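J.:
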Amino acid sequence: MAELLQFVFSGLTVGAIYALVALGFTLIYNASDIINFAQGEFVMLGGMTTVFLSLAGVPLPLAALIAIIVTTAIGLALHRLAIAPARGASPVALIMITIGASIFLRGVAQIVFDKTFHSLPPLFSGGPIRFGGATILPQSLVVLAGSAVIVVVLWLFVDRTMLGKAVIATAANRLAARLIGVDTRRIVDFSFAVSAAVGAIAGILITPITLTSYDAGTLLALKGFAAAMLGGIGSALGAVVGGLLIGMIEALSAGYLSSSYKDAVAFVIILVVLVAMPQGLFGRVKIERV
Amino acid sequence: MRAMQHFTATVAIGLCALLGAGLQASAEIKIGSVLAVTGPASFLGDPEKKTLEMYVDEINAKGGVNGQKLKLIVYDDAANPNSAKTFATRLVEEDKIDAMVGGSTTGATLAMMPVFEDAKIPFISLAGSIRIIEPVHKWVFKTPHTDKMACEKIFADLKHRKLTTIAMISGTGGFGKSMNAQCHKVAGKAGIKIAIEETYGPRDSDMTAQLTKIRNTAGVQAVVNPGFGQGPAIVTRNYRQLGIKVPLYQSHGVCSKQFIKLAGAAAEGVRLPCAALLIADKLPKKDPQKPVVVNYSREYQKKTGQAVSTFGGHAYDGLMILVDAMQRAKSADKAKVRDEIEKTKGYIGTGGIVNMSSTDHLGLDLSAFHMLEIKGGDWTLVPGT
Numbered sequence: 066m067a068e069l070l071q072f073v074f075s076g077l078t079v080g081a082i083y084a085l086v087a088l089g090f091t092l093i094y095n096a097s098d099i100i101n102f103a104q105g106e107f108v109m110l111g112g113m114t115t116v117f118l119s120l121a122g123v124p125l126p127l128a129a130l131i132a133i134i135v136t137t138a139i140g141l142a143l144h145r146l147a148i149a150p151a152r153g154a155s156p157v158a159l160i161m162i163t164i165g166a167s168i169f170l171r172g173v174a175q176i177v178f179d180k181t182f183h184s185l186p187p188l189f190s191g192g193p194i195r196f197g198g199a200t201i202l203p204q205s206l207v208v209l210a211g212s213a214v215i216v217v218v219l220w221l222f223v224d225r226t227m228l229g230k231a232v233i234a235t236a237a238n239r240l241a242a243r244l245i246g247v248d249t250r251r252i253v254d255f256s257f258a259v260s261a262a263v264g265a266i267a268g269i270l271i272t273p274i275t276l277t278s279y280d281a282g283t284l285l286a287l288k289g290f291a292a293a294m295l296g297g298i299g300s301a302l303g304a305v306v307g308g309l310l311i312g313m314i315e316a317l318s319a320g321y322l323s324s325s326y327k328d329a330v331a332f333v334i335i336l337v338v339l340v341a342m343p344q345g346l347f348g349r350v351k352i353e354r355v
Numbered sequence: 005m006r007a008m009q010h011f012t013a014t015v016a017i018g019l020c021a022l023l024g025a026g027l028q029a030s031a032e033i034k035i036g037s038v039l040a041v042t043g044p045a046s047f048l049g050d051p052e053k054k055t056l057e058m059y060v061d062e063i064n065a066k067g068g069v070n071g072q073k074l075k076l077i078v079y080d081d082a083a084n085p086n087s088a089k090t091f092a093t094r095l096v097e098e099d100k101i102d103a104m105v106g107g108s109t110t111g112a113t114l115a116m117m118p119v120f121e122d123a124k125i126p127f128i129s130l131a132g133s134i135r136i137i138e139p140v141h142k143w144v145f146k147t148p149h150t151d152k153m154a155c156e157k158i159f160a161d162l163k164h165r166k167l168t169t170i171a172m173i174s175g176t177g178g179f180g181k182s183m184n185a186q187c188h189k190v191a192g193k194a195g196i197k198i199a200i201e202e203t204y205g206p207r208d209s210d211m212t213a214q215l216t217k218i219r220n221t222a223g224v225q226a227v228v229n230p231g232f233g234q235g236p237a238i239v240t241r242n243y244r245q246l247g248i249k250v251p252l253y254q255s256h257g258v259c260s261k262q263f264i265k266l267a268g269a270a271a272e273g274v275r276l277p278c279a280a281l282l283i284a285d286k287l288p289k290k291d292p293q294k295p296v297v298v299n300y301s302r303e304y305q306k307k308t309g310q311a312v313s314t315f316g317g318h319a320y321d322g323l324m325i326l327v328d329a330m331q332r333a334k335s336a337d338k339a340k341v342r343d344e345i346e347k348t349k350g351y352i353g354t355g356g357i358v359n360m361s362s363t364d365h366l367g368l369d370l371s372a373f374h375m376l377e378i379k380g381g382d383w384t385l386v387p388g389t
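So the protein sequences, as listed, match chains A and B.
The working numbering applies: residue 66 is where the first sequence begins, and numbers increase by one.
The working numbering applies: residue 5 is where the second sequence begins, and numbers increase by one.
In C-alpha cells, the structure reads:
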C-alpha cells in the first residue's frame, strides 16, 4: 500500500510539472490555432532568468517577478517580430516559425547564461511530507496549486471577460471578429504575452524539482505538448488532467512494469486515446460551418 | 644596364621564394584536430580547443619542438561523426598534417579512425569509449580513462566495505548506457551481484518510483548510479527523500562542484570515483600528479576565467604525450613518432600516470581514479583507496 502511494506521489509530482507546462499551449492555440513550440523555451527562460538574477544578488521574489516580465516581453517580441509579419501564412508555416524561434532562444540562452545545470531553493524549506509510509516534497504541492490557480484564472478570463470572449471570437473567425470591432492583432499579441508569462511561472515553480539548463525547454515542451493533446488542446482543464494522467501512467508503469518502458507505455496510451477521441479528453469538437 | 638590373631582381625574387619554401618545410610541425567546439558536446570541445591553443602557443614561445614551431589546425565537427570524417580527410589530403590530437566524442573518433589508419598518421583521441583502444589499432591512442575503470574502482571500494549485492539505477543517455554495460561486464569478476536494475530518461524529474522498487528489493547493500547531467542530482535528492539507508555511489560523470550544489544536503555521504584534476587542492603533497594538475588548473583558469574540466585535461595530456614522443624521436617522422608514443612510460599527466605498450594504447590503471566521499559540502579522499 505504501508502495502504491509512493508511485502515486511520484506521478503527481511529474504530472503537475507536465500540467503546468501544458497550460502554456492553450491560450496561443485558442487565439491563433498555432501550437507554439517555443513554449518550452519560455519555461526555461523563466527558470534561468530567476537563477541568474538571484546569483547576481537580486532577492528571489523580485528576481522571479523580473523573470516573468522579461519572458512576457520575449513572448510579445516573438509575435511582433516573427509571427505577425507572416500572418498570411498557414498555421503549419507559423508552427515552423515557432520551432525556429525555439532553436534561436536556446542558442541565445546558451550564450547569455551558460551551459551548466542550475537549481532554485523551494518555496517552503523543510523536509518531505510523510503520509501513509510514502513521501512527497512540499514543492510538488506548490506546482500542483500553481496549475490549479492558473486554470481558474484562465477559465474566469475566457468565460467572464470581454477580452476573453474576444480571444475566442478571434480563434473562431478572424474576419468576423474584426468586423464586430475586435482588434485581432492585439488579441494574438496578448495571447503570446500571457502564454509566455504562464511559461515563466511554470519555469520558476518547477526548477526546484527538475533543475534547469539552457536546453531544458525542448523535452519539457514535448511532454507538455503530449499532455495538452491528450487533454484536448485549447482546454485549460484538459491540459491539467492530461498532464496528471501522463505523469501517473509513467510512475505506475515505472513502478509495476519496467522503468525502461515507462515513456513507451505513456505514449501508447496517448495514441489509443487520440484514435478513439481525436479532439482529446476535453477538447471542443470542431464544427466547420459552411 | 636596365636588362642587368631586371635580371638581378628576378634572381633575388626567385632566391627568396626558394628560401621561403625551404624554411617553411623545416620550420613547422602540423598538428591537426577535429573537436566538437559547438553543438551538444561543446562542453567537451570548448575546453579542449582552448587547452590545445594555449599550450601550442606556450611551446612555440619556448622555441617549439626539436627547433620546429608547431602549427595547430582545428576544425569544428559540432559532434557530428560525418563532418568529423570529412574534416579528417581534409587534414590528411590538404593540410598534410604530421599528427592528430582530437576527436571529442566517441562517434567522431570511430568515424575518423580508418582515415588516419590508412594515411599512417599517429592519432591521439580525447573520447571516452573503450572501443577506441579495444581491439588495439596500430595508429590510434587515447588519453581519457574509461567507464570500465570507474566501475572497477567502485566495485573495489564495495569489496573493501564487504558489500556484494547492489542495485543499479542508470540514465538512458549515452554515458549512463555505456557505463551500465561496462559495469555488467566486470561485475562477475569483481564478485558483485546486481540484484535489480532501473533506468530513467535524460530529462526525468522524479525517480522516487524506481528508487521505491530498489528500496523494497531484499538484500540490496548499495546503489550505483551511472549518469551524467542533472539526473544523478535528482536521484540523490529522491534517495534522501525516501530515507534509503544503504550507501549511494555516483559515477565520474558528476565529478564537479556543481553536483554538490545541485544535490545540496542530500549529497552528504555519497561516494564517487574522480580524476585527480578535479581535486587538485585536495591531493596529498606527495602525490606525483599534484604539481601537474595544480599547474594546469592555474594556467587554464588564468587564461580562460573558467573552472577546469577533465576534458581540457585530456587535450593537455594528448598534446604533451605527442610532444614528448616527437622529442624522443628527434623528428616529426610519423612512423617514428608512433613508435615513441607506444613507448610512453611514466608520463605524469592530468589523467593519471601513463604507461603505454603495444597492447595498451591508453596506459592508465585504477590509480587514475581517487575514491571520494562528500562530507560537509566538499570532497574528502576516502583513505586506503
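All C-beta atoms in this analysis are idealised placements derived from N, C-alpha and C, irrespective of residue type, glycine included.
Keep in mind the model is a prediction, meaning the values are calculated, not measured.
(1) I'd like to know whether the C-beta of residue 373 of chain B is nearer than 7 Å to at least one C-beta of chain A.
(2) Checking 7 Å against the spacing of the C-beta atoms, do residue 166 of chain A and residue 147 of chain A come in under that value?
(3) Select from B:161, B:178, B:177, B:176 the residue whose C-alpha is nearest the C-alpha of residue 170 of chain B.
(4) Hey, could you find the ends of the alpha helix (DSSP H) residue 218 of chain B is sitting in?
(5) Below 8 Å between beta carbons is the criterion; list the residues of the segment 213-235 of chain B that meet it against any residue of chain A, in chain order.
(6) Can you tell me which residues form a DSSP beta bridge with residue 39 of chain B?
(7) What does residue 237 of chain B touch in chain A if you count any residue whose Cβ is under 9 Å from its own?
(8) Of the residues B:306, B:337, B:253, B:292, which one's Cα is nearest the Cα of residue 386 of chain B?
(9) State the Cα-Cα distance for the pair residue 108 of chain B and residue 220 of chain A, rounded to the nearest angstrom.
(10) Below 8 Å on the Cβ atoms is my contact criterion, and I expect residue 102 of chain B with residue 35 of chain B to pass it. Report the Cβ-Cβ distance as a whole number of Å.
(11) Does the Cβ of residue 231 of chain A have 16 or more other Cβ atoms within 10 Å, making it buried, or fewer, making it exposed?
(12) Assuming residue 187 of chain B contacts residue 228 of chain B under a Cβ cut-off of 8 Å, what Cβ separation, rounded to an integer in Å, is found between them?
(13) Once you ignore the five residues that flank residue 222 of chain A on each side, which residues in its own chain have a CB closer than 6 Å to its CB?
(14) Residue 315 of chain B versus chain A: which residues are under 9 Å apart at the beta carbon?
(15) By Cβ distance below 7 Å, which residues in the same chain neighbour residue 163 of chain A in space, the five residues on each side in sequence not counted?
(16) Taking Cβ to Cβ, would you say residue 365 of chain B is nearer than 7 Å to residue 137 of chain B?
(17) The beta strand (DSSP E) with residue 175 of chain B in it runs from where to where?
(18) Just checking my contact of residue 120 of chain B with residue 92 of chain B at CB under 8 Å: how many whole Å lie between their CB atoms?
(19) Determine whether the Cβ of residue 203 of chain B lies closer than 7 Å to any Cβ atom of chain A.
(20) Cutting at 6 Å between CB atoms, please list the residues of its own chain near residue 272 of chain A, excluding the five before and the five after it.
(21) Return the bridge partner residues of residue 194 of chain A from the DSSP annotation.
(22) Along chain A, which residues have their Cβ under 9 Å away from the Cβ of residue 245 of chain B?
(23) How should residue 189 of chain A be labelled, buried or exposed, when 16 other C-beta atoms within 10 angstroms of its C-beta is the threshold for buried?
(24) Please tell me whether residue 284 of chain A has its Cβ less than 7 Å away from any Cβ of chain B.
(25) If you run the structure through DSSP and keep just helix, strand and coil, what is residue 123 of chain A?
(26) Between the segment 199-208 of chain A and the segment 81-95 of chain A, do at least 3 Cβ pairs fall closer than 8 Å?
(27) With a threshold of 7 Å on Cβ separation, who are the neighbours of residue 41 of chain B within its own chain once the five nearest residues in sequence on each side are excluded?
(28) Identify the contact partners of residue 82 of chain A in chain B, using a Cβ-Cβ distance below 9 Å as the criterion.
(29) Between A:303, A:182, A:170, which lies nearest to residue 215 of chain A when the distance is taken from Cα to Cα?
(30) For residue 264 of chain A, I'd like the list of residues in its chain whose CB is within less than 7 Å of its CB, leaving aside the five on either flank, ordered along the chain.
(31) Could you list which residues in chain B have their beta carbon closer than 7 Å to that of residue 319 of chain A, in chain order?
(32) Using a cut-off of 7 Å between C-beta atoms, extract the partners of residue 262 of chain B located in chain A.
(33) In terms of residues, what are the limits of the alpha helix (DSSP H) holding residue 74 of chain A?
(34) Give the range of the alpha helix (DSSP H) segment to which residue 321 of chain B is assigned.
T.: If we stick to the structure as given:
(1) Your numbering for residue 373 of chain B matches position 369 in the second sequence. Chain A, which has no Cβ nearer than 7 Å to the Cβ of residue 373 of chain B, makes this no.
(2) Sequence index remark: in the first sequence, residue 166 of chain A carries index 101 (1-based). Sequence index remark: in the first sequence, residue 147 of chain A carries index 82 (1-based). Their beta carbons are under 7 Å apart, which means residue 166 of chain A touches residue 147 of chain A by this criterion.
(3) Position 166 of the second sequence, counted from the start, is the residue given in the question as residue 170 of chain B. Here the closest residue by C-alpha is B:161.
(4) Counting from one through the second sequence, the residue named residue 218 of chain B turns up at place 214. Segment 212-219, the alpha helix (DSSP H) holding residue 218 of chain B.
(5) 213, 214, 216, 217, 220, 233, 234
(6) To locate residue 39 of chain B, count along the second sequence from 1; it is residue 35. DSSP lists B:80 as partners of residue 39 of chain B.
(7) Numbered from its first residue, the second sequence carries residue 237 of chain B at position 233. In chain order: 182, 184, 276.
(8) Against the second sequence, residue 386 of chain B aligns to sequence position 382. Out of B:306, B:337, B:253, B:292, B:253 has the C-alpha closest to the C-alpha of residue 386 of chain B.
(9) Sequence index remark: in the second sequence, residue 108 of chain B carries index 104 (1-based). Sequence index remark: in the first sequence, residue 220 of chain A carries index 155 (1-based). Going by the C-alpha atoms only, they are around 51 Å apart.
(10) Working through the second sequence from its first residue, we reach residue 102 of chain B at position 98. Working through the second sequence from its first residue, we reach residue 35 of chain B at position 31. Going by Cβ atoms, the distance from residue 102 of chain B to residue 35 of chain B rounds to 7 Å, so yes, they are a contact pair.
(11) By one-based count along the first sequence, residue 231 of chain A stands at place 166. When all chains shown are included, residue 231 of chain A counts as buried.
(12) As a position in the second sequence, residue 187 of chain B is number 183, starting the count at 1. As a position in the second sequence, residue 228 of chain B is number 224, starting the count at 1. With a Cβ gap of about 7 Å, residue 187 of chain B and residue 228 of chain B count as contacting.
(13) On the first sequence, residue 222 of chain A is found 157 positions in, with the first residue counted as 1. Around residue 222 of chain A: 229.
(14) On the second sequence, residue 315 of chain B is found 311 positions in, with the first residue counted as 1. Neighbours of residue 315 of chain B on chain A: none; closest Cβ ~12 Å, over 9 Å.
(15) On the first sequence, position 98 is the one that residue 163 of chain A refers to. If we look at residue 163 of chain A and ignore the five residues flanking it on each side, its Cβ neighbours are 99, 101, 102, 103.
(16) The residue given as residue 365 of chain B occupies position 361 in the second sequence. The residue given as residue 137 of chain B occupies position 133 in the second sequence. Against a cut-off of 7 Å, the Cβ pair of residue 137 of chain B and residue 365 of chain B comes out as a contact.
(17) By 1-based counting over the second sequence, the position of residue 175 of chain B is 171. It spans 169-175 - the beta strand (DSSP E) in which residue 175 of chain B sits, taken as one unbroken run.
(18) Start at 1 with the first residue of the second sequence, and residue 120 of chain B comes out as number 116. Start at 1 with the first residue of the second sequence, and residue 92 of chain B comes out as number 88. Their Cβ separation, rounded to whole angstroms, is 7 Å, which keeps residue 120 of chain B and residue 92 of chain B in contact under 8 Å.
(19) The residue given as residue 203 of chain B occupies position 199 in the second sequence. It does; some Cβ of chain A falls within 7 Å.
(20) Along the first sequence, read from residue 1 onward, the residue named residue 272 of chain A stands at position 207. So the list reads 112, 185, once near-sequence residues are dropped.
(21) Start at 1 with the first residue of the first sequence, and residue 194 of chain A comes out as number 129. In DSSP, residue 194 of chain A forms a bridge with A:201.
(22) Counted from its first residue, the second sequence places residue 245 of chain B at position 241. Correct list: 192, 193, 200, 201, 202.
(23) Taking the first residue of the first sequence as 1, we reach residue 189 of chain A at position 124. Answer is exposed; the Cβ neighbour count stays below 16.
(24) Counting from one through the first sequence, the residue named residue 284 of chain A turns up at place 219. So, interface residue.
(25) In the first sequence, the residue the question calls residue 123 of chain A occupies position 58. If DSSP states are grouped into helix, strand and coil, residue 123 of chain A belongs with coil.
(26) yes
(27) Looking up residue 41 of chain B in the second sequence gives position 37. So the qualifying residues of the chain are 49, 50, 53, 80.
(28) The residue you call residue 82 of chain A lines up with position 17 of the first sequence. Chain B residues near residue 82 of chain A: 209, 210.
(29) Sequence index remark: in the first sequence, residue 215 of chain A carries index 150 (1-based). Per the Cα distances, A:303.
(30) What you label residue 264 of chain A is simply residue 199 of the first sequence in a count that begins at 1. So the qualifying residues of the chain are 89, 104, 107, 108, 111, 136.
(31) For this step, residue 319 of chain A is matched to residue 254 along the first sequence. Those within 7 Å of residue 319 of chain A in chain B are 213, 214.
(32) Reading the second sequence from its first residue, position 258 is the one you call residue 262 of chain B. By Cβ distance, chain A contributes 181, 182.
(33) Within the first sequence, the letter at position 9 stands for residue 74 of chain A. From DSSP, the alpha helix (DSSP H) with residue 74 of chain A extends over 67-97.
(34) As a position in the second sequence, residue 321 of chain B is number 317, starting the count at 1. That run of the alpha helix (DSSP H) goes 314-333.
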